[in-house]
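Just below is one structure, and these are the notes that go with it.
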Amino acid sequence: MYYGYRMPDLFRTISFRLTLWYTGIFSISACVAFVLFYYLAVSTLQGQTDQELLEKASQFSAVVQQDGLRGASNLAVIEAQAAGEKLIFFRLLYPNGEVFASSHMSYWKDIKVNQHLLDQLVKKKSHVFDTRTVDRTQKARILYAFVARNVILQTGIAMDAQSRFLNAFKLVFGVAMAFIIGFSALSGWFLVRKALLGVDTITRTAKQITGSNLQKRVPETGSKDELDHLANTFNQMLDRIQTLVSSVREMGDNIAHDLKSPVTRIRGMAEMAMIQGSTMDDFHAVAADTIEECDRLLGMINTMLVISRTEAGESGFHFQQVDATRMIQQACDLFIPVAEDRQIRFTCSVAHTFYVNADIKMLQRAFSNLVDNALKYTDKGGQVMVQARQKSGENLEIQVIDSGPGIDPRFQERIFERFFRAESSRNSPGTGLGLPLARTIAQAHGGDVRLKSTPGRGSVFTLTLPYCNFQVI
Ligand code: ADP
464 MYYGYRMPDL FRTISFRLTL WYTGIFSISA CVAFVLFYYL AVSTLQGQTD QELLEKASQF
524 SAVVQQDGLR GASNLAVIEA QAAGEKLIFF RLLYPNGEVF ASSHMSYWKD IKVNQHLLDQ
584 LVKKKSHVFD TRTVDRTQKA RILYAFVARN VILQTGIAMD AQSRFLNAFK LVFGVAMAFI
644 IGFSALSGWF LVRKALLGVD TITRTAKQIT GSNLQKRVPE TGSKDELDHL ANTFNQMLDR
704 IQTLVSSVRE MGDNIAHDLK SPVTRIRGMA EMAMIQGSTM DDFHAVAADT IEECDRLLGM
764 INTMLVISRT EAGESGFHFQ QVDATRMIQQ ACDLFIPVAE DRQIRFTCSV AHTFYVNADI
824 KMLQRAFSNL VDNALKYTDK GGQVMVQARQ KSGENLEIQV IDSGPGIDPR FQERIFERFF
884 RAESSRNSPG TGLGLPLART IAQAHGGDVR LKSTPGRGSV FTLTLPYCNF QVI
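Residue numbers (this note's numbering): 464 to 936.
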């Protein structure tokens, strides 16, 4: 589609600049071609004239040999008369410049004997050419050549036909250049507009997209050209933005929902204390509950901050060489009482010593979340195992395997979203931030958290980390 531009805006457009380039390149190429052709024509025509003059000189030297200087003098007059006295002239002179015979010279009176060229000729002993102007406008080609030992012929031809040809050539050149510039500007503008039509469509679509109208997409032509690629990439970007915007909205809803319950609880407790509390102990109990709820809330807010900062690459992690085996063992030790309490068989077997480049506190947090979940969602009498192994030479895999309820395949990716909790887990305490935090931390370490789960049979959460081939320090 064609857009109307204001003049200063028009000069800034790619269309205008490309058209200018196109016209410039086209015109310069045409100009170079014309100039080359012009010089070729000039040198060819001059070559022919020079040849003609040299032939005259050899004719004169033959006559001097046969009939002497008188014969040559006669030939000068006859030849000039025959060809036209304005077209050609002949002068016979001695090397010192003294003229002893010539054709009729009234038209050629401006052409004097050039002593400097004569000296050159005497040195070269062959011939010398010169170009002069007669009658202000007319160009003439002049030859100085020896026709006998001490006799020089100065002869000149008017370059009349050549001048006419070259003038006509210049006229054609001017007209052709005007046409070429006009044509290249028009065709350039047309081609560029046609090529950039897709960009206009993308611009229009971008203008139509507002926060609430993210559904719009640029039509893809399927031609697989650059603009089709651009449209495709633009649409992919819109898909991503749409997903992000809806996840931000969803997250906002979730945050509001998850913060509402504890705040309502705190308010309820305070209200009850105000209405019913009579002793110091009542107020103490309410204060203790409030602190507990606030700690929970602060914990959630801090976790959310860690996740978003880590995702934004501003984690402030302190990476160092970490003995992962020790870290796993120490974390497992902390969970033994919990497992005993829940009557779950808990084993932790890490045979080798593995080193990773990690922020130990964050890594502990990610790993603990996985073990905590396994113990939390596995029923009494179940089993939880922790294993670690080096996979394909590059990654360290820490697996937390449980014999719990497993996870419905529909939710297996969603459980990594912030605040997502499966319906069946609502009775267990939790915030829905444990797995997103674990995955964000793992990804910030160059690894990931993956899940394999069969509902009814249990789950395997695998924390992968790039393996570090450190030696013990
Ligand atoms: P939280 O445990 O605080 O609810 P998480 O982000 O750690 O939050 O886990 C999200 C959800 O994934 C849980 O609510 C639960 O539904 C599910 N889940 C996590 N770990 C397991 C597990 N080992 N077995 C079964 N379900 C699990």
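Note that CB positions come from ideal geometry on N, CA and C, so glycine has one too.
Model, not experiment: these values are computed from the prediction.
Run of the alpha helix (DSSP H) containing residue i, from where it starts to where it stops
i, result
"Y502", "I477 to A546"
"Q671", "D623 to Q671"
"L550", "From DSSP, L550 is part of no alpha helix (DSSP H); its letter is neither H nor E."
"D691", "E689 to Q739"
"L677", "Counting along the chain, L677 falls outside any alpha helix (DSSP H), and DSSP gives it neither H nor E."
"T925", "No alpha helix (DSSP H) holds T925; the beta strand (DSSP E) holding it covers G921 to C931."
"I878", "No alpha helix (DSSP H) contains I878, which DSSP labels as neither H nor E."
"V610", "No alpha helix (DSSP H) holds V610; the beta strand (DSSP E) holding it covers Q601 to A611."
"R828", "I823 to Y840"
Beta carbon of residue i nearer than 8 Å to that of residue j
i, j, result
"I791", "A851", "yes"
"P868", "G919", "yes"
"A535", "V527", "yes"
"M622", "A608", "no"
"M568", "F552", "yes"
"L896", "F882", "yes"
"F817", "T773", "no"
"C494", "M640", "yes"
"L928", "V834", "no"
"I644", "S490", "yes"
"V681", "T664", "yes"
"V585", "L556", "no"
Span of the beta strand (DSSP E) around residue i
i, result
"M848", "Q846 to K854"
"G895", "Counting along the chain, G895 falls outside any beta strand (DSSP E), and DSSP gives it neither H nor E."
"R913", "D911 to T917"
"T810", "R808 to S812"
"R759", "Where R759 is concerned, there is no enclosing beta strand (DSSP E), although the alpha helix (DSSP H) it sits in stretches over M743 to E774."
Given residue i as reference, the closest of the options once Cα atoms are compared
i, options, result
"D865", "Y840, N858, F879 and S888", "Y840"
"L654", "L581, W484 and N577", "W484"
"L900", "E880, S888 and R612", "E880"
"Q578", "T596, S566, K586 and N559", "N559"
"R828", "I799, N858, T482 and V769", "V769"
"S565", "E857, K587 and Q617", "Q617"
"V863", "R913, P725, R703 and K633", "R913"
"L722", "A751, N695 and M767", "M767"
"G782", "N613, I904 and S647", "Strictly speaking, residue 782 in this sequence is Phe, with Gly absent from that position. When only C-alpha atoms are compared, the closest one is I904."
Buried or exposed (CB count within 10 angstroms, at least 16 for buried), residue i
i, result
"Q678", "exposed"
"C795", "buried"
"S922", "buried"
"G661", "buried"
"M735", "exposed"
"L499", "exposed"
"Y466", "In this prediction, Y466 scores a pLDDT of 48, lower than 50, which makes its location untrustworthy; the coordinate-derived value is nonetheless stated afterwards. Exposed: under 16 other Cβ atoms inside 10 Å."
"F523", "buried"
"R475", "exposed"
"R902", "buried"
"D582", "exposed"
"A543", "buried"
"A539", "buried"
"H908", "buried"
"I936", "Residue confidence for I936 is low, a pLDDT of 45 falling below 50, so the modelled location carries little weight and cannot support an answer."
"Q934", "Note on Q934: pLDDT 49, under 50, position unreliable in the model; no value is reported."
"A821", "buried"
"I823", "buried"
"M825", "buried"
"L838", "buried"
"T925", "buried"
"S478", "buried"
"L690", "buried"
"L462", "What is shown of the chain runs 464 to 936, which leaves residue 462 out entirely."
"M464", "For M464, the predicted structure reports a pLDDT of 43, less than 50, and the residue's modelled location is therefore unreliable. The matter cannot be settled from this model."
Closer than 8 Å to chain B by CB, residue i
i, result
"F609", "The structure shown contains no chain B; it holds only a single protein chain."
Check: residue i C-beta below 7 Å from any heavy atom of the ligand ADP
i, result
"D911", "no"
"G919", "no"
"I665", "no"
"I878", "yes"
"N890", "no"
"T894", "yes"
"F798", "no"
"I870", "yes"
"S866", "no"
"Y840", "yes"
"F830", "no"
"A733", "no"
"N717", "no"
"A787", "no"
"F809", "no"
"P929", "no"
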